[in-house]
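Undergrad: Quick one: structure below, then a few questions.
Protein chains: 2
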Amino acid sequence: MADLWERFLASLAEAMALRRIKSVLEWDQEVNMPPKGARARAEHLAVVAGLEHRAWTSPALREMIESLQSRESELDPESAAILRETKWEVDRLSRLPEALVRALMEAASAGFSAWVDARRNADFSLFEPYLQRLVSLSREKADCLGWEESPYDALLEEYERGMTHRMIRELFENLAARQAELVAAIVDRQEAAGGYRRPPEGGPWSAGAQRQLTEAVLQDMGYDFQAGRQDLSPHPFTTTFDVGDVRITTRFDENDFLSGLSSSMHEAGHALYEQGMPDAWRRTPLADAPSLGMHESQSRFWENIIGRSRPFCLYLKQRAEGLFQGTFFMPDPETLYRALTCVEPSLIRVEADECTYNLHVVLRFEIEAALLEGTVSVKDVPELWNGRMRAYLGLTPPDDARGCLQDVHWSHGAFGYFPTYALGNLYAAQLCQALRRDLPDLWHRVEQGQFGDILAWLREKIHRCGRTKTAGELLTSVTGMPPSPEPFLHYLKEKFLS
Amino acid sequence: MADLWERFLASLAEAMALRRIKSVLEWDQEVNMPPKGARARAEHLAVVAGLEHRAWTSPALREMIESLQSRESELDPESAAILRETKWEVDRLSRLPEALVRALMEAASAGFSAWVDARRNADFSLFEPYLQRLVSLSREKADCLGWEESPYDALLEEYERGMTHRMIRELFENLAARQAELVAAIVDRQEAAGGYRRPPEGGPWSAGAQRQLTEAVLQDMGYDFQAGRQDLSPHPFTTTFDVGDVRITTRFDENDFLSGLSSSMHEAGHALYEQGMPDAWRRTPLADAPSLGMHESQSRFWENIIGRSRPFCLYLKQRAEGLFQGTFFMPDPETLYRALTCVEPSLIRVEADECTYNLHVVLRFEIEAALLEGTVSVKDVPELWNGRMRAYLGLTPPDDARGCLQDVHWSHGAFGYFPTYALGNLYAAQLCQALRRDLPDLWHRVEQGQFGDILAWLREKIHRCGRTKTAGELLTSVTGMPPSPEPFLHYLKEKFLS
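Those protein sequences? They're chains A and B, same order as listed.
In this text, residue positions in the first sequence follow my numbering: the first is 1, and each later residue adds one.
In this text, residue positions in the second sequence follow my numbering: the first is 499, and each later residue adds one.
Rendered as structure tokens:
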């Protein structure tokens with residue numbers, strides 16, 4: 001048994017290593033690669049992806065899993081969890097025929113180019129046939145993976161295991177309507193208070209100084225620079241090569257230092273999660289979040305709940321003064337707070353404030369689920385999109401580039417991803433309720449820049465659990481209730497309307 | 499046949515891709531990796547190295563090679579060369595039993611740690627047993643690879659194919675004695691001329707400005723920043739991920755801007771070679787230099803022959819003035835020239851000037867060959883080393899850290915590597931004689947910063963040939979004579995004593 005277990009772990013380590021190596025190649029592609037390196041990089045990524053797929057679906061690994069399953073009673077709970085999670089990966093990957101995987105990769109590659117072109121020309125018709133192909137192939141993928149109530153469930157499972165289309169629909173039900181109402185009230189309130197303004201005045205702020213400031217804040221949050229680094233990339237992201245090497249990227253806008261700071265805190269939220277995985281699991285699928293929604297809860301927690309609070313503004317002012325002795329213009333805390341919490345319905349999701357953000361997500365979820373279920377057709381997407389934008393945000397996109405063509409996800413064939421963004425917001429608020437019960441002086445600590453016990457709490461309650469539970473199970477065990485929109489709506493009311 | 503050839507190229511492309519991926523992981527390790535990433539990186543490198551070895555030695559690839567060989571008459575010369583070079587790689591890798599490869603890797607890993615420790619303590623006895631083990635395993639490796647006159651030949655083949663111990667011995671014969679004589683005369687001459695001084699006065703020079711200056715010079719040399727980039731690392735190196743992605747590293751010393759500049763030009767010399775490989779060969783072993791000596795000829799050519807010439811100093815002064823408008827202190831051309839050509843026997847190879855450098859190499863070659871042939875024993879290395887330092891450079895190392903423990907190579911089990919450094923110097927001088935015949939106004943062009951035709955000549959004569967010939971064949975075809983020490987000795991006399 002011990003020998004079988006060791007051989008199993010060795011095979012697993014190789015499959016995991018190939019996954020991590022792919023991440024190194026992708027990180028370098030976004031951060032460092034010169035333009036003429038793109039052709040070879042695509043080839044190298046295809047080689048590693050092929051080897052990784054072979055490693056996860058090898059008959060030898062499958063046989064070991066079967067042997068171990070037949071003797072599961074001999075395994076301790078942690079080993080049983082490792083076995084279960086490995087089996088989940090293997091089963092899922094094995095259900096997809098190689099021809100379909102290749103067809104999806106090709107459709108995504110063609111789809112991405114077509115999307116770039118369509119967005120540039122603000123012409124949905126250029127993307128339509130590609131999106132049609134991606135929807136049919138994704139539907140085929142869902143059928144291969146298997147589903148009961150909705151084909152959307154099969155795709156969602158990749159990102160938010162344990163959740164179904166029905167569960168999310170119920171969770172989002174009323175959320176859109178109630179949140180839209182809140183937004184209207186908040187906008188009125190902010191106008192009455194003399195208007196909120198973003199970016200704050202007083203720039204420009206040099207990129208070098210912004211880097212110094214974000215690094216100081218990240219350090220205070222507990223991000224370990226011995227086990228990671230911060231670089232620049234056009235689209236900020238977090239990537240994990242190992243629990244000892246979790247890297248983030250950011251971007252600096254010289255006219256708005258808060259934009260880069262929020263982005264860095266968001267990615268650091270993800271990175272703290274990854275740096276906090278148990279070392280013993282690092283070469284197994286257990287060293288991962290149970291879902292993207294749970295991952296996003298960590299980034300949103302730091303970016304929005306902590307990073308857009310009044311106490312944080314007091315800390316930030318202090319911190320910058322200690323760091324720069326006046327050479328970096330830092331607005332007063334109230335101006336900072338107003339800039340960080342300015343609410344305004346807008347057309348573009350990635351620029352949306354924390355109050356309107358979910359509305360962008362709900363409309364995407366509704367449309368993509370309907371596409372997969374076949375209840376709407378691809379050609380109707382622009383009309384559908386614009387109609388919901390009016391309903392939820394009171395805005396009409398002037399063209400499809402600022403409407404249904406704004407996001408890259410569908411062009412990659414990623415259906416089922418969007419809801420995790422909103423779930424992250426809901427989970428974060430729900431977790432913070434529990435955190436405030438355990439740490440009643442939370443806001444005092446934030447004001448002092450004492451983030452240690454906050455991180456310790458997240459480590460103990462969330463990070464160290466890895467993938468031993470689903471997101472729903474984990475949230476229920478930590479907060480005492482299943483995923484709910486109420487804590488988030490309560491958070492918005494308390495923060496913006498009290 | 500066409501189908502077989504395509505399948506062969508596809509297998510080859512995968513083996514090459516794995517080699518390149520390993521380079522990406524290694525580059526990141528030197529340039530970016532945070533300390534806690536080291537453990538996983540070693541694991542990932544081991545996985546890729548294993549997969550690469552399997553790819554090169556797979557029975558399928560071997561069978562394709564045999565089938566193609568039996569129909570070689572149907573191949574065009576280029577395809578025949580690709581087949582030959584692939585067979586060379588496959589044969590060499592297949593002759594090494596996996597157990598020996600692993601034993602060598604482990605001995606190198608242990609040897610490296612012991613060497614770091616021994617060097618820190620200046621105590622050869624701490625390294626001696628590890629070096630003993632590395633020598634015996636390398637001797638075993640040589641026996642597996644096969645040799646006729648000297649086991650050294652089998653190891654040398656990896657770095658300088660076509661050369662033998664005897665050939666290098668003959669090439670180096672008299673070189674040491676004649677070069678040592680020249681050095682003495684040059685030192686006297688420089689003293690009589692009022693002394694040469696390095697670094698020049700006028701610093702410090704900020705790292706940012708040095709980066710700007712080196713990038714301008716590299717651009718003028720023809721290094722394509724769309725197909726590469728320059729980063730910082732403790733030990734400068736060049737690495738190739740593809741003909742479209744060839745990266746160099748450098749280091750800046752704020753008290754001596756010439757040190758970083760020379761280093762950048764050296765690496766750019768290597769990189770221009772790699773960027774100049776025919777695109778059609780990029781996924782085959784043909785897109786490589788025939789030997790490390792030939793590779794080093796390109797780096798030495800740019801670093802020393804061009805970069806330490808009077809016309810280059812005139813260009814550099816001009817270039818810096820155009821770039822910085824006085825904000826970067828640039829000494830006058832004669833002071834620059836004296837700093838760049840200051841000759842002084844010294845203990846450390848990597849700091850040696852171009853006149854004394856080969857002497858450091860010759861003594862290492864003599865010692866390592868004797869170790870492999872078993873004519874001296876490991877325990878006698880320090881004494882042997884110090885004796886030759888006295889004979890060639892007139893210096894006695896005060897301790898082994900500044901003597902036989904200074905280089906990392908032997909601790910990695912790399913025997914047969916050192917001579918390529920000196921060969922590079924000899925090849926560069928021999929090539930430059932031919933270049934001057936074809937471009938009589940060479941020095942005028944250098945003074946004007948017009949490096950285009952120089953690079954074009956190197957591209958045509960050397961870079962585009964890849965590995966179609968051995969270094970000796972290539973040099974003979976370009977210069978009309980086999981590798982010889984005479985052009986190099988002539989170059990030194992003309993430059994330093996006329």
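All C-beta atoms, glycine included, are put in the ideal place defined by N, C-alpha and C.
1) Consult DSSP for B/F913 and reduce its assignment to one of helix, strand or coil.
2) List the whole-angstrom C-beta distance separating B/G447 from A/G244, where the pair is believed to meet the contact cut-off of C-beta under 8 Å.
3) Please classify B/E658: does DSSP put it in a helix, a strand, or coil?
4) Which residues, taken in chain order from the segment 503-514 of chain B, show a beta carbon closer than 9 Å to some beta carbon of chain A?
5) Under a CB-based cut-off of 8 Å, is A/A227 close to chain B?
6) Quick one: which residues of the segment 713-744 of chain B get their C-beta closer than 7 Å to a C-beta of chain A? List them in chain order.
7) State the DSSP-derived secondary structure class of B/V744, mapped to helix, strand or coil.
8) Is the segment 408-419 of chain A in contact with the segment 270-283 of chain A, if contact means three or more CB pairs nearer than 8 Å?
9) Determine the extent of the alpha helix (DSSP H) in which B/D686 is found, giving its start and end residues.
10) Judging by CA-CA distance, which residue of A/V183, A/S70, A/G203 is the nearest neighbour of A/T341?
11) Anyone know if the C-beta pair for A/R186 and A/F496 falls short of 8 Å?
12) Step through the CB atoms of chain D and report whether any lies within less than 8 Å of the CB of B/V599.
13) Measure the Cβ-Cβ separation of A/D438 and A/W457 and say whether it is below 8 Å.
14) Buried or exposed: where does A/E149 fall if 16 or more other Cβ atoms within 10 Å of its Cβ makes it buried?
15) If you drop the 5 nearest sequence neighbours on each side, which residues of the same chain put their C-beta closer than 6 Å to that of B/N802?
16) Would you list, in chain order, the members of the segment 17-28 of chain A that have their beta-carbon closer than 9 Å to a beta-carbon of chain B?
17) According to DSSP, simplified to helix, strand and coil, what is B/T873?
18) Run down chain A in chain order and give the residues with a C-beta less than 7 Å from the C-beta of B/M531.
19) Given that a residue counts as buried once 16 or more other Cβ atoms are within 10 Å of its Cβ, and exposed if not, what is B/G999?
20) Return the chain-ordered list of same chain residues with a C-beta closer than 7 Å to the C-beta of A/A180, the five sequence neighbours on each side being excluded.
21) Between B/E849, B/P917, B/Y835, which has its C-alpha nearest B/E794's C-alpha?
22) Just curious, the beta strand (DSSP E) that A/Q230 is in, first and last residue?
23) Find out if the Cβ-Cβ distance for the pair B/S560, B/V588 is shorter than 8 Å.
24) For the alpha helix (DSSP H) that contains A/A80, what are its first and last residues?
25) Within the 8 Å Cβ cut-off, does B/E587 reach chain A?
26) For a contact defined as C-beta to C-beta under 9 Å, what are the partners of B/A608 on chain A?
27) With a threshold of 7 Å on Cβ separation, who are the neighbours of B/G720 within its own chain once the five nearest residues in sequence on each side are excluded?
28) Identify the continuous alpha helix (DSSP H) that holds B/S795 and give its terminal residues.
29) Using a Cβ cut-off of 9 Å, pull out every chain A residue sitting near B/A538, in sequence order please.
30) Below 8 Å between beta carbons: does that hold for B/A785 and B/G964?
31) If you draw a straight line from the alpha carbon of B/E752 to that of B/A818, how long is it in whole angstroms?
32) Could you tell me which of A/Q226, A/A99, A/M389, A/D332 sits nearest to A/L137, measuring between CA atoms?
33) Per DSSP, which one or two residues make a beta bridge with B/T736?
34) What does the Cβ neighbour count give for A/K379, buried or exposed, with the cut at 16 atoms within 10 Å?
35) To be precise: take each residue of the segment 540-553 of chain B, compare its Cβ to all Cβ atoms of chain A, and keep it if any distance is under 8 Å. Which residues remain?
36) On the DSSP bridge list, what partners appear for B/D754?
TA: According to the structure shown:
1) coil
2) Here chain B comprises residues numbered 499 to 996, so residue 447 of chain B is not present and cannot be evaluated.
3) strand
4) A511, E512
5) yes
6) F723, Q724, A725, G726, R727, F739, D740, G742, D743
7) strand
8) no
9) 673-690
10) A/V183
11) At residue 186 of chain A the sequence reads Ile, which differs from the Arg that was named. Yes, they are a contact pair.
12) The displayed structure is made up of protein chains A and B, and chain D is not among them.
13) yes
14) exposed
15) E852
16) A17, L18, R20, I21, V24, L25, W27, D28
17) coil
18) D245
19) For chain B, the structure presents residues 499 to 996; residue 999 of chain B sits outside this window and is missing.
20) L359, Y392
21) B/P917
22) 230-232
23) Note on identity: in this sequence residue 560 of chain B is Arg, with Ser being the wrong assignment. It is a contact, given that the beta carbons lie within the stated cut-off.
24) 77-94
25) no
26) Correct list: empty, because the minimum Cβ distance to chain A is about 22 Å.
27) L770, F949, G950, L953
28) 790-798
29) A17, R20, F241, D242, V243, G244, D245, R282, R283
30) yes
31) 16 Å
32) A/A99
33) B/I746
34) exposed
35) E541, H542, V545, V546, L549
36) B/D751
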